[in-house]
Structures are given as C-alpha cells and as structure tokens.
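First residue of the sequence shown? That's 1 in UniProt numbering, and the numbers climb one at a time after it.
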Amino acid sequence: DRLSEFENSIAEDADSSSWVPLNVLDAHDAYVLKVRFAPGPARLLATCGSDGTAQIWQSH
Numbered sequence: 001d002r003l004s005e006f007e008n009s010i011a012e013d014a015d016s017s018s019w020v021p022l023n024v025l026d027a028h029d030a031y032v033l034k035v036r037f038a039p040g041p042a043r044l045l046a047t048c049g050s051d052g053t054a055q056i057w058q059s060h
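Structure follows, in structure tokens:
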C-alpha cells in the first residue's frame, strides 16, 4: 500500500529505514500481494490484495 522514494539506496538494499513514503494507497482490506507497473505513457499501477480485490491506479 505504500509507494516509496529512496535516496542513496538500491532496491535490493534490505535497510528501508531511509525510505520516505510518497503516498499511501488505501484500497485493500488485507495484505497487498502484488504490485505491477505498466510500461509506457499510461503510467498505470496495478495492485491485488489477499482480500480478493484488484485496483488500477493512475500514477503521476
């Protein structure tokens, strides 16, 4: 449910304490299982949760 911006860090870095949340996506009633970005100019983000729902977001 969180998008994070990170500086001086790489995605594989296990220490996320320096990450700063950009936005909280409050759409699922349970854990988010998958997050996928759609390539191209549409800039879509898809999330699916263990509550059986899927959401499509327009990212900026």
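Note that beta-carbon positions come from the ideal geometry of N, C-alpha and C, so glycine has one too. None of the values given here were measured: they were computed from a predicted structure.
Assumed close pair residue i, residue j - CB separation to whole angstroms, cut-off 8 Å
i, j, result
"Cys-48", "Leu-25", "Not a contact, Cβ separation roughly 12 Å."
"Asp-51", "Asp-29", "4 Å"
Nearest candidate by alpha-carbon position, reference residue i, set the options
i, options, result
"Tyr-31", "Leu-44, Gln-58, Thr-53", "Thr-53"
"Ala-27", "Ser-59, His-60, Gln-55", "Gln-55"
"Arg-43", "Asp-15, Ser-59, Ser-17", "Ser-59"
Which residues DSSP lists as bridging residue i, in chain order
i, result
"Trp-57", "Leu-45"
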